[in-house]
Amino acid sequence: MASLLGHELNQPLAAISSYANGSLNLLERAIPADLAADACDALQDMRTAMRQIAHQAERAGRVIKSVHNFVRRRSRAREETPVQQLLDAILPLVSLQARKLGVRVHTTVEPGLAPALCERTMVEQVLLNLARNAMQAMDAPAVSPRVLDIRAYRAPCEQPGGWIEFSVTDLGSGIAPAVAEKLFTPFFSTRPEGMGLGLSMCRTVIEQHGGSLGFAAHAPRGTVFRFTLPAAQGPCGAGDA
Ligand SMILES: Nc1ncnc2c1ncn2[C@@H]1O[C@H](COP(=O)(O)OP(=O)(O)OP(=O)(O)O)[C@@H](O)[C@H]1O
Ligand SMILES: [Mg+2]
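For the sequence shown, this note's numbering assigns the number 328 to the initial residue and increments by one for each residue that follows.
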């Protein structure tokens, strides 16, 4: 089903990408030399937005391909990926939602952290899903301040190989015990528009890398989700799952 959906979505995505690139070309050509400064700024903003449309359409195509490979258990293309690059890939999308919900986003990567050895696009989706859940948990009138905190650091060396730990923390309403029991069950959701697939996908992706994903209550309120990934070269040697 996932592959079928991906297959059908590829056509409209390719169209979005080529319309965006076509519009970019038109914008380049349409700017007269004597254009007023404020109109120039507006065109510049449009160009930036258009570039983002093209970029995200291409990224969506990569996500579809990765999910397809993932469900077929094919081509485990693990790459050495600098952790900052994983965050940079999702931050434009996270920022859009954060702005809408009035959430401040903090990210911290420990200096000198080794790159992760991972299926880059799938891990980006893990981070994106956890960040989305965190922001949705803060989307209630009583929640203030609203802060999403994403960190990456060297995991404590309890097992051979180097490991990186990620944490995604929110200051939301927390997770009730009855919800906690079913959290990772496919199709379990407490949100009317939720598919209930995010966390089960996250756990499967992380476990396929040999890591683990869990959560804990965060004091004074909210929740922290943590997961581990093998480091390409860690403090205790090369990490491979
Ligand atoms: N950070 C969080 N704080 C509080 N509850 C959470 C948090 N993350 C997840 N949950 C709860 O876990 C449920 C399942 O999450 P999951 O991401 O699997 O599905 P979803 O967000 O409902 O839908 P989608 O498939 O669109 O992601 C959510 O509906 C929500 O009740
Ligand atoms: Mg979700």
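Even for Gly, the Cβ is constructed at its ideal location relative to N, Cα and C.
Within 9 Å, strictly: CB atoms of residue i and residue j
i	j	result
T553	A546	According to the sequence shown, residue 553 is Arg rather than Thr. Result no, Cβ atoms of R553 and A546 do not sit closer than 9 Å.
N460	I391	no
E451	L423	no
Q383	P419	yes
Coarse secondary structure for residue i, derived from DSSP in three states
i	result
A360	coil
A503	coil
S527	helix
R553	strand
A369	helix
E492	strand
A443	strand
A404	coil
A558	strand
R378	helix
F397	helix
H536	coil
E508	helix
E520	coil
C-alpha gap between residue i and residue j, whole angstroms
i	j	result
G523	K509	10 Å
G349	Y480	42 Å
S471	E437	27 Å
T408	A360	43 Å
L332	S393	13 Å
T435	P339	36 Å
S330	V495	29 Å
L351	C445	33 Å
R386	L540	25 Å
V453	V410	13 Å
Range of the contiguous alpha helix (DSSP H) that encloses residue i
i	result
S422	V410 to L428
R447	R447 to A464
Element boundaries [beta strand (DSSP E), containing residue i]
i	result
L540	L540 to A544
A569	This structure gives no information on residue 569, because the portion of the chain shown stretches from 328 to 568.
V470	Looking at the DSSP string, V470 is not in any beta strand (DSSP E), and its letter there is neither H nor E.
H433	R431 to V436
Inset, instruction - Output the residues surrounding ligand 1, defined as those with a CB atom closer than 7 Å to any ligand heavy atom, in chain order. - result: Put simply, the residues with a CB less than 7 Å from any heavy atom of ligand 1 are N456, R459, N460, A461, Q463, A464, D497, G499, S500, G501, I502, V506, L510, F515, S516, T517, R518, G521, M522, G523, L524, G525, L526, S527, T550 and F552, in chain order.
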